[in-house]
Each structure stands twice: as structure tokens, then as C-alpha cells.
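**Student:**
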Amino acid sequence: MATGKYLFRVHPKATKTEIALAVADAFKVEVVAVNTMH
């Protein structure tokens, strides 16, 4: 079952806002939430 969740490797200093904007621009989608982990 698809959950609509995706995993991306990003720059360690990227903010959640920067990540959301980059994903939205690259894939032409609406980003609902960004969760990060170390």
C-alpha cells in the first residue's frame, strides 16, 4: 500500500523550508510536511 512518503538525502545544513521548496519545485507537488533525521 502506498503511503505517499518519500526519503531524500539532503545537505546536512538544509532547513525544512528549503527542503520543502526544492521538492515542490523539482517534482511539481504540494509538500504537506517535512521530517528530518540525523
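Just so you know, we're using this note's numbering here: the sequence shown kicks off at 403 and counts up by one.
The C-beta atom is built at its ideal place from N, Cα and C for all residues, glycine as well.
Helix, strand or coil for E420? Go by DSSP, reduced to three states.
**Tutor:** helix
**Student:** Report all residues from its chain with a CB closer than 8 Å to the CB of V431; omit the five preceding and five following residues, and keep chain order.
**Tutor:** V425
**Student:** Indicate whether T438 and K418 have their beta-carbon atoms separated by less than 8 Å.
**Tutor:** The answer is yes: Cβ separation under 8 Å.
**Student:** Measure the beta-carbon distance from V436 to A422 and round it to whole angstroms, keeping in mind my assumption that it falls under 8 Å.
**Tutor:** 5 Å
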